[in-house]
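A quick write-up on the structure given underneath.
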Amino acid sequence: MTEVLVLVDHADGTVRKTTTELLTIARRIGDAAAVFVGSGYESAKDTLGRYGATKVYIADAAELDEYVIAPKAQVLATVASSAAPAAVLITSSLDGKEIAGRLAVKLGSGLVTDATDVTAELTTEQSAFAGAYTVRSRITHGTPVITVKPNAVTPEPAPATPVEEKLEIQLPESATRARIVERQPRAATGRPDLAEAEIVVAGGRGTAGDFGPVEELADVLGAAVGASRAAVDSGWYPHAYQIGQTGKTVSPQLYVAAGISGAIQHRAGMQTSKTIVAVNKDREAPIFAMADFGVVGDLHTVLPLATEEIKKREG
Amino acid sequence: MKIVVLVKHVPDATADRRFTDDNTTDRVGVDGILSELDEYAVEEALSIAERGDAEVVVLTMGPAQAADALRKGLQMGADAAVHVVDDALHGSDAIATSLVLADAIEKSGDVDLVLTGMASTDGTMGVVPAMLSERLGLPHIGAVRELTVGDGTVTARRDGDVASETVQARLPAIVSVTDQINEPRYPSFKGIMAAKKKPFQTWSLDDLGVDADQVGLSAAWSVVTEVTKRPPRSAGEIVDDDGNGGARLAEFLAERKFV
Ligand SMILES: Cc1cc2nc3c(=O)[nH]c(=O)nc-3n(C[C@H](O)[C@H](O)[C@H](O)COP(=O)(O)OP(=O)(O)OC[C@H]3O[C@@H](n4cnc5c(N)ncnc54)[C@H](O)[C@@H]3O)c2cc1C
Ligand SMILES: Nc1ncnc2c1ncn2[C@@H]1O[C@H](COP(=O)(O)O)[C@@H](O)[C@H]1O
Numbered sequence: 004m005t006e007v008l009v010l011v012d013h014a015d016g017t018v019r020k021t022t023t024e025l026l027t028i029a030r031r032i033g034d035a036a037a038v039f040v041g042s043g044y045e046s047a048k049d050t051l052g053r054y055g056a057t058k059v060y061i062a063d064a065a066e067l068d069e070y071v072i073a074p075k076a077q078v079l080a081t082v083a084s085s086a087a088p089a090a091v092l093i094t095s096s097l098d099g100k101e102i103a104g105r106l107a108v109k110l111g112s113g114l115v116t117d118a119t120d121v122t123a124e125l126t127t128e129q130s131a132f133a134g135a136y137t138v139r140s141r142i143t144h145g146t147p148v149i150t151v152k153p154n155a156v157t158p159e160p161a162p163a164t165p166v167e168e169k170l171e172i173q174l175p176e177s178a179t180r181a182r183i184v185e186r187q188p189r190a191a192t193g194r195p196d197l198a199e200a201e202i203v204v205a206g207g208r209g210t211a212g213d214f215g216p217v218e219e220l221a222d223v224l225g226a227a228v229g230a231s232r233a234a235v236d237s238g239w240y241p242h243a244y245q246i247g248q249t250g251k252t253v254s255p256q257l258y259v260a261a262g263i264s265g266a267i268q269h270r271a272g273m274q275t276s277k278t279i280v281a282v283n284k285d286r287e288a289p290i291f292a293m294a295d296f297g298v299v300g301d302l303h304t305v306l307p308l309a310t311e312e313i314k315k316r317e318g
Numbered sequence: 024m025k026i027v028v029l030v031k032h033v034p035d036a037t038a039d040r041r042f043t044d045d046n047t048t049d050r051v052g053v054d055g056i057l058s059e060l061d062e063y064a065v066e067e068a069l070s071i072a073e074r075g076d077a078e079v080v081v082l083t084m085g086p087a088q089a090a091d092a093l094r095k096g097l098q099m100g101a102d103a104a105v106h107v108v109d110d111a112l113h114g115s116d117a118i119a120t121s122l123v124l125a126d127a128i129e130k131s132g133d134v135d136l137v138l139t140g141m142a143s144t145d146g147t148m149g150v151v152p153a154m155l156s157e158r159l160g161l162p163h164i165g166a167v168r169e170l171t172v173g174d175g176t177v178t179a180r181r182d183g184d185v186a187s188e189t190v191q192a193r194l195p196a197i198v199s200v201t202d203q204i205n206e207p208r209y210p211s212f213k214g215i216m217a218a219k220k221k222p223f224q225t226w227s228l229d230d231l232g233v234d235a236d237q238v239g240l241s242a243a244w245s246v247v248t249e250v251t252k253r254p255p256r257s258a259g260e261i262v263d264d265d266g267n268g269g270a271r272l273a274e275f276l277a278e279r280k281f282v
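Heads up: the protein sequence lines correspond to chains A and B, in order.
Count along the first sequence starting at 1, add 3, and that's the number in our numbering.
Count along the second sequence starting at 1, add 23, and that's the number in our numbering.
Structure, rendered in structure tokens:
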């Protein structure tokens, strides 16, 4: 079978869940082959094998971390030109899409971004215009390059022992033009990563600056915390947690919107959530039109009571 | 110094957006605007020009109506506009768009800095600037929230997926900015009047020396096989909080096995 390349998304070898989703999709199409760029492969090894990577290409050199985006596209292009894969799968994130754009030009390939599913025949599904349309496409030229949104599929283990191939990468000058001079990893919160969380509890202007009730509900549900742009612009929550067109796109099993009106730019980032719950004191808020369940009320009383009740139920 | 700002004319997200019979975005029968995310790029160019000495050119590729986006850029304060328009461009994908824009940037001559939005609000791909970087052989810094230009280099603070990074590159360079970088100005009355007299060029594919076979719907490297309008999410159960709202919420979450 032909290989399907999956770019491993990891932090020092800790593999993100999105990568296990991509490996699951890759196995529908062909042999899952992971491409690991950076250091920490030893910690990534088990997870990649568990989710069915039969091959791993490893590019580990300090130099690769010194430049932004371009080195990863370079590594993928190098592997793709010798392995002739059926497709290349990359996580749909800001960085992932930039890598994909570069790779598509390098390979002379068609590109689909933000896929919400990919079939064995490489038909992709996307959601367009803030979720109003579903679009199916096929790439007709070159090696299909596809970025896939988090939570597109449930990761399924399929243990394999990957064959490892170490790559010698000489970065061309063209990949070294944007140099990283300083890096600040985002502070750990102890909560799940927003983009890949199963449950997200988000707060908006209605919190009036107090995210306590939102965080407490998130913690009993094991959820990530998100925020609307109004809450971020007011300085109540960091921008890294903004959900929407200019923030993160999430697609969790459950999305709880508290004190968020549901503006189109916000919906663009959460519309593909499986179940949507809203708490808002305005019955006319647009968010209710898309909610599976809603409470018209003050979040400062509704959320704490729900949190108490859930604690009771869970004993 | 010469700054080219890439601006896209897009269907207004607050109005009805749809596809046409050939499964391309309807850009004719709907209200269009300058993509809001590109306004941040225009603003950044203008403020660089105000601090130093720079010429700001707004550039778009799009149908006749896309001239409106350029006009808005001129009204905000850009010095000149370039519109790439050609019937053959209809239905172009990001690959073809980047090909045409790359040639247009080269034809503009002696460009020091290309500024773009983080993504267009219709396609929301966020790939065109990275593609331009490959095609033009220029460095690209994306997701930028702070930008300093000086001494032949750019220094940018970018919001990457997992880290915030300071990135440096030599000019000429391409920089894509986010909505965190500034607050775009509104055109003033004076700006609106002045815009009418500013240089406005229109280029066809011939002017760029791009072959019509390389662009448009028939040259796209992916095909849309099916577009379906999703039924609006039917509203679920909405309850008034009579003191019991919290408990009802917990009950719903338990029914759906989230608890
Ligand atoms: C280019 C552009 C990009 C944008 N990108 C994004 C983006 O990425 N993400 C994003 O979120 N927005 C984005 N926006 C902004 C968006 O248009 C809205 O302004 C924003 O989402 C509003 O946030 P909000 O719902 O928290 O605030 P509001 O719209 O003010 O809504 C607050 C809601 O809280 C309710 N409320 C108030 N008090 C309480 C209470 N005590 N209990 C319960 N409910 C209460 C109110 O009834 C109201 O419905 C963007 C806008 C533009 C122009
Ligand atoms: N047709 C176009 N004309 C001019 N600029 C464009 C065009 N398409 C994309 N861009 C620029 O590239 C950025 C990213 O677009 P996209 O990759 O389509 O999301 C936009 O914010 C614009 O600055």
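Every residue gets a Cβ at the ideal spot worked out from N, C-alpha and C, and that includes glycine.
Exclusion of valine 40/A from the 7 Å shell around ligand 1 follows from its C-beta lying no nearer than that to any non-hydrogen atom of the ligand. Restricting attention to beta strand (DSSP E) runs no shorter than 3 residues, the region 80-133 of chain B encloses them at 103-107, ordered along the chain. Within the same chain, and ignoring the five residues on either side of threonine 310/A in sequence, the residues whose Cβ sits closer than 7 Å to its Cβ are Glu219, Leu220 and Val223.
Of all residues in the region 248-262 of chain A, only Gln248, Thr249, Gln256 and Leu257 place a beta-carbon less than 8 Å from a beta-carbon of chain B.
Using a cutoff of 7 Å, the CB of lysine 213/B does not count as near ligand 1, since none of the ligand's heavy atoms is closer than that.
Excluding its 5 nearest sequence neighbours in each direction, alanine 243/B has C-beta neighbours in its own chain below 6 Å: Asp116, listed in chain order. Under the three-state reduction of DSSP, leucine 170/A is assigned to coil, being neither helix nor strand.
When secondary structure is reduced to three states using DSSP, isoleucine 204/B falls in the coil class, being assigned neither helix nor strand. Per DSSP, threonine 22/A lies in no beta strand (DSSP E); the unbroken alpha helix (DSSP H) holding it starts and ends at 20-32. Each of Leu29/B, Val30/B, Lys31/B, Ser58/B, Leu60/B, Asp61/B, Ala64/B, Leu82/B, Thr83/B, Met84/B, Gly85/B, Ala117/B, Thr120/B, Leu124/B, Thr139/B, Gly140/B, Met141/B, Ala142/B, Ser143/B, Gly146/B, Thr147/B, Met148/B, Gly149/B, Val150/B, Val151/B, Pro152/B and Ser199/B has a C-beta closer than 7 Å to some heavy atom of ligand 2; these make up the full list, in chain order.
Rounded to the nearest whole angstrom, the C-alpha separation of threonine 120/B and leucine 155/B is 9 Å. Under the Cβ criterion of 8 Å, histidine 163/B is counted among the residues facing chain A.
Contact annotation for glutamate 317/A against chain B: Val282 [CB-CB distance below 9 Å, chain order].
At a cut-off of 8 Å between beta carbons, leucine 308/A contacts chain B.
Restricting attention to Leu57/B, Ser199/B and Thr43/B, the CA atom closest to the CA of isoleucine 26/B is found in Ser199/B. With a cut-off of 7 Å, the C-beta of asparagine 283/A is classified as near ligand 1, since at least one heavy atom of the ligand falls inside that distance. Interface criterion met: the Cβ of alanine 186/B is under 8 Å from a Cβ in chain A. For aspartate 117/A, the CB stays at least 7 Å from every heavy atom of ligand 1.
At a cut-off of 7 Å, the beta-carbon of leucine 51/A does not count as near ligand 1: no heavy atom of the ligand is closer than that. Counting only runs of at least 4 residues, the region 126-172 of chain B fully encloses the following alpha helix (DSSP H) elements, listed from N- to C-terminal order: 151-159. Under the 10 Å beta carbon count, aspartate 110/B is surrounded by fewer than 16 other beta carbons and is classified as exposed. When secondary structure is reduced to three states using DSSP, phenylalanine 132/A falls in the coil class, being assigned neither helix nor strand.
For alanine 270/B, the enclosing alpha helix (DSSP H) begins and ends at 268-278. Per DSSP, alanine 230/A is not a residue of any alpha helix (DSSP H); the beta strand (DSSP E) it occupies stretches across 227-230. Remark: the shortest separation between the CB of isoleucine 246/A and any heavy atom of ligand 1 falls under 7 Å. When DSSP states are grouped into helix, strand and coil, phenylalanine 223/B belongs to the strand group.
Relative to ligand 1, serine 231/A has its C-beta within less than 7 Å of a heavy atom.
Residue-level contact check: tyrosine 244/A does not touch chain B, since none of the beta carbons of chain B fall below 8 Å from its beta carbon. Threonine 179/A and glycine 113/A have their alpha carbons spaced roughly 25 Å apart.
Annotation: the continuous beta strand (DSSP E) that includes serine 187/B extends over 186-193.
For alanine 125/B, the CB contacts under 6 Å within the same chain, skipping 5 residues up- and downstream, are Leu155, Arg158 and Leu159 in chain order. Ranking Asn283/A, Ala103/A, Glu128/A and Val138/A by CA distance to the CA of glycine 149/B puts Ala103/A first.
Each residue's CA atom was taken as its position, placing proline 175/A and glutamate 66/A some 11 Å apart.
Per the C-alpha coordinates, the member of Ser264/A, Gln256/A, Gly16/A and Met273/A positioned closest to tyrosine 244/A is Met273/A. Annotation for glutamate 317/A: no beta strand (DSSP E) segment contains it, though the alpha helix (DSSP H) segment containing it runs 302-317.
The beta carbon of arginine 186/A falls within 8 Å of a beta carbon belonging to chain B, placing the residue at that interface.
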